[in-house]
Every structure is written in structure tokens, then in C-alpha cells.
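Below: one structure, written as C-alpha cells.
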Amino acid sequence: MDELRFKPWTNKNAPGRIVVIRYQAMGDMVITLPYLNDFKRQFPDAQLYLITTAEVSAIPLSLGLFHKVIVIKGGRSAKRQFFFTLCKLPFLLWQRHEVVMDLQNNKISRVIRRVLRPKAWCAFDRFSARSAGERVALTIAGLGLGKVKLNTEFDQHVNEQILTEKLISCGWKQDHLLIVLNPAGAFDTRHWPLSNYVELASLLKKENPRFQFLVVGLKNKLHPSIDYLKSMLKADLIDMTDQTDPAEAFALVRRVKLLITEDSGLMHMAWVQAVPTLAIFGSTRSDWSSPQGAWSVCLNSSDLDCGNCMLEKCIHGDNRCLTRYTPAFVYEKAIALLNR
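The numbering of the sequence shown is the numbering used here, which starts it at 1 and goes up by one.
Dropping the structure here:
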């Protein structure tokens with residue numbers, strides 16, 4: 001089991017050039033951003049270089065946080081990623097980075113760290129029973145340069161006018177407030193029943209007729225959920241699946257009043273920007289993946305004997321960890337978050 005490992009910075013002057021490594025996945029990449037954002041706030045003159053994969057590079061490339069984003073090709077193949085990483089090593093050696101933040105801690109990132117021989121480094125603890133966000137914060141603090149906290153104010157370089165036009169073309173009424181419905185859990189054991197989403201939407205509409213509901217992301221991951229929600233919610237549902245790239249989706253969720261979500265990358269895009277986030281977890285390990293911040297609530301299975309099982313199929317055959325959360329119960333939690 002991994003433990004936090006680091007070589008602290010001992011120079012009197014702050015480091016000037018730092019390389020951060022985070023290869024995958026989208027949600028894990030996004031989790032690192034508010035803590036790196038706070039580090040940059042504390043050390044504004046430091047140049048942050050990010051090494052990441054092409055698959056998850058869109059959001060970091062859209063932010064003013066990094067001096068340079070080094071994109072590694074190769075898809076999800078570890079062998080190809082390693083090859084393309086080796087191709088970047090001469091450039092990385094030439095940059096003479098003083099610090100390596102290894103927020104991936106796999107075989108490839110450890111090779112980078114050893115080749116660069118930085119004055120200070122830290123390596124992510126992958127397995128301890130803490131949230132991923134807390135582990136990122138502890139990893140960065142291991143450098144001995146001070147603690148970091150959630151800093152949710154990002155410098156985003158996205159065309160907001162184009163986003164507005166896309167929303168309107170998909171059915172947004174500009175005097176209406178947006179609530180994201182995100183039935184995007186990866187497995188059956190992470191899916192809250194779709195009929196519950198519909199009933200919850202009905203309760204929220206009674207609370208405020210000016211609510212509209214938004215779905216965003218990849219259609220191939222949300223289909224046929226989208227078809228069902230559209231058939232039931234009709235004009236109250238705005239379907240923006242396949243209408244945004246990850247950077248636009250990141251900017252879009254900043255506009256919403258509330259995100260009601262299963263475990264997904266979009267969930268992390270919301271809470272890292274202090275967007276009220278109500279997560280409904282089934283088999284997901286909540287100690288690892290729960291959204292953070294006072295603006296987040298996570299309904300999870302940790303109180304059950306079979307909870308946090310990480311299984312794709314329920315051993316009881318009924319997804320009881322999810323079905324026990326009724327639309328009325330989730331509605332009360334949603335209103336409390338909105339009022340907060």
C-alpha cells in the first residue's frame with residue numbers, strides 16, 4: 001500500500017520551475033486543479049509545467065494556471081504512453097525543473113522523476129482511505145512549502161458567448177435557472193433509477209417553475225438515459241450531449257445552480273469550482289471519490305455492510321444502496337444545498 005513519499009524543498013528561495021505529472025483520468029486530473037491553483041496563488045512567480053495525456057489535456061490547456069502543458073500521445077496504452085514520454089525527456093531535461101510533483105505515481109511518472117533528478121519531489125499516495133482531494137493536498141504539502149487548500153477561482157480561456165449561443169439553440173430560456181441531471185455512473189451499481197430523476201425534477205419544478213434541467217457530456221455514455229429523460233421532461237430538459245468539449249463543459253457547469261450526479265468526471269468539474277454538488281453514490285468508494293467542500297453533499301453506501309463494494313453488479317440483485325434514497329429525500333437535500 002502506498003504511503004506519502006517526498007523529498008522536501010530546503011532552499012531559502014522559492015522554486016522557480018516545477019513540473020506536475022498527472023496522466024489520467026479526467027476526474028482525477030480535475031481534482032488536482034484547485035490545489036495546484038492555490039499553490040500558484042502562493043507562488044505566483046513559479047512556472048508550472050504539466051505533463052498529461054491528450055485525452056485529459058483540454059481543461060488544463062484552457063486555464064491560465066500552467067506555463068506549459070506537455071501533452072503525451074498514446075491513448076490509454078501504457079506502452080505507447082511510455083514511448084511518447086521518452087520522446088519528451090530531452091526537452092524536460094533541458095528545462096532543468098527544480099521540483100517534481102508526481103500526482104500520478106505510476107511506473108512512467110517514477111521514471112520521469114528519477115531521470116530529472118529534481119532538488120525536491122513528492123509522490124501521490126494512491127491507496128490510503130482518504131479522499132483523492134485530501135491526498136493531493138497532502139502530497140503537495142510534503143514539499144515543505146506550506147499547505148494548500150481548495151482554490152476554486154480559475155482563469156478560464158473559453159468563449160462564453162459561444163457557450164451562451166449553444167445553450168439557447170438547445171432550448172435554454174434565458175430567464176431560467178439551470179440544474180444538471182447527470183445519470184453517468186459507470187456501472188449498474190452506480191445508477192440511481194431514471195424514474196427517480198424524473199420525480200425529483202417534478203418536485204424541483206414545483207419549488208421553482210423557472211428551473212430547467214441540463215444534461216451534458218458524451219451521448220454514447222448517457223444513451224438511452226437521455227431518450228427517457230427527454231420523453232418525460234420534454235421542454236424542461238436541455239440536451240447538450242456531444243455539444244461541448246471538456247473545456248467548454250468545465251466552463252458550462254460554472255453557470256448552473258446545482259448538479260445532481262452519480263460518480264463521474266462532470267461531478268468533479270462542478271465541486272472544484274464551488275458549484276453546489278449533490279452526489280448519489282452506490283458501489284463507489286466514498287472515502288476516495290466524494291466531492292469536497294461545504295457546497296457538496298454525498299449520499300453513499302458507507303453505512304451498509306456491503307457498502308463501498310466497487311462491484312459492477314449488486315450481490316443482492318436490488319441496488320439497495322441507491323434505491324433507498326427516494327426522490328423526496330434527495331429533494332430535501334437539494335433544496336438545502338440551494339439555500340446554502
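Just so it is clear, CB atoms sit at the ideal spot from N, CA and C, and this is done for glycine as well.
Since this is a predicted model, take the numbers as computed values, not measurements.
In the structure shown, what three-state DSSP assignment does residue i receive?
i	result
PHE82	helix
THR52	strand
LYS205	helix
MET26	helix
THR284	coil
PHE213	strand
LEU258	strand
ASP188	helix
LEU337	helix
LEU233	helix
VAL198	helix
ILE112	helix
GLN47	strand
VAL409	Residue 409 is absent from the model: the chain starts at 1 and stops at 340.
MET101	strand
ASP245	coil
ALA129	coil
ARG41	helix
LYS88	helix
PRO327	helix
ILE315	coil
LYS149	coil
HIS223	coil
ALA14	coil
VAL253	helix
PRO341	A query on residue 341 cannot be resolved here, the shown segment of the chain reaching from 1 to 340 and no further.
LEU33	helix
TRP172	coil
MET267	helix
ARG320	helix
Under 8 Å, do residue i and residue j count as touching if we go by C-beta distance?
i	j	result
VAL256	LEU266	no
GLY171	ALA235	yes
VAL99	ALA120	yes
TRP192	ILE280	yes
LEU337	VAL272	no
ILE72	PHE84	yes
ILE112	PHE82	no
GLU160	ALA251	yes
ASN196	PRO327	yes
TYR325	LEU299	yes
ASN319	ASP188	yes
ALA46	GLY75	no
LEU229	LEU203	no
GLN156	SER62	yes
LYS103	THR32	According to the sequence displayed, residue 103 carries Leu and not Lys. In this structure, THR32 lies closer than 8 Å to LEU103 by Cβ.
ALA247	ILE59	yes
THR284	TRP295	no
LYS221	ALA184	yes
What are the residues that DSSP puts in a beta bridge with residue i?
i	result
SER296	THR277
ARG5	ALA123
ILE72	THR53
MET240	VAL216
GLN156	LEU63
ASN182	THR261
LEU177	PHE211
ILE21	ILE51 and ASP102
Taking the alpha-carbon of residue i as reference, which of the options has the nearest alpha-carbon?
i	options	result
VAL341	HIS268, MET232 and LEU304	This structure gives no information on residue 341, because the portion of the chain shown stretches from 1 to 340.
ALA141	ARG5, GLN174 and GLN292	ARG5
ALA201	ALA334, HIS316 and GLN42	ALA334
LYS68	GLU332, PHE84, LEU48 and VAL56	LEU48
LEU93	ARG80, ASP38, ARG114 and ASN105	ARG114
PHE211	LEU259, PHE84 and PRO90	LEU259
ASN341	GLN24, SER225, LEU203 and THR284	Since the first residue shown for the chain is 1 and the last is 340, residue 341 is missing from the structure and cannot be characterised.
ALA137	ASP38, GLY74, LEU222 and GLN174	ASP38
ASP263	LEU229, SER301, ASP102 and ASP45	SER301
LEU177	LYS205, SER57 and ALA249	LYS205
VAL215	PRO209, ASN208 and ILE226	ILE226
LEU54	GLN42, LYS40 and ARG80	Per the sequence presented here, residue 54 reads as Ala, with Leu not at that position. Minimum Cα distance to ALA54 is reached at ARG80.
HIS341	LEU89, ALA249, LEU116 and LEU167	Outside the modelled stretch of the chain, which goes from 1 to 340, sits residue 341, for which no answer is possible.
GLU312	ARG190, LEU89, ILE179 and THR10	ARG190
PRO34	HIS268, ARG340, CYS306 and GLY317	HIS268
CYS321	TYR331, LEU218, PHE213 and CYS306	CYS306
THR10	VAL180, GLY146, LYS88 and ARG126	GLY146
GLY27	GLU207, PRO8 and ALA249	ALA249
THR139	CYS87, LEU36 and LEU222	LEU36
Report yes or no: is there a C-beta of chain B within less than 8 Å of the C-beta of residue i?
i	result
GLN104	The displayed structure is made up of one protein chain only, and chain B is not part of it.
Could you tell me whether the stretch 239-254 touches the stretch 285-303, where touching means 3 or more Cβ pairs closer than 8 Å?
The stretch 239-254, when compared against the stretch 285-303, does not touch it at the 8 Å Cβ threshold.
Can we say the stretch 60-77 touches the stretch 116-130, given the rule of at least three CB pairs closer than 8 Å?
Output reads no: the stretch 116-130 does not touch the stretch 60-77.
Quick one: any contact between the stretch 41-61 and the stretch 12-30, if contact means 3 or more CB pairs under 8 Å?
Enough Cβ pairs lie closer than 8 Å, so yes.
Pair every Cβ in the stretch 151-166 with every Cβ in the stretch 124-134, then say whether three or more of these pairs are closer than 8 Å.
At 8 Å Cβ cutoff, the stretches do not touch.
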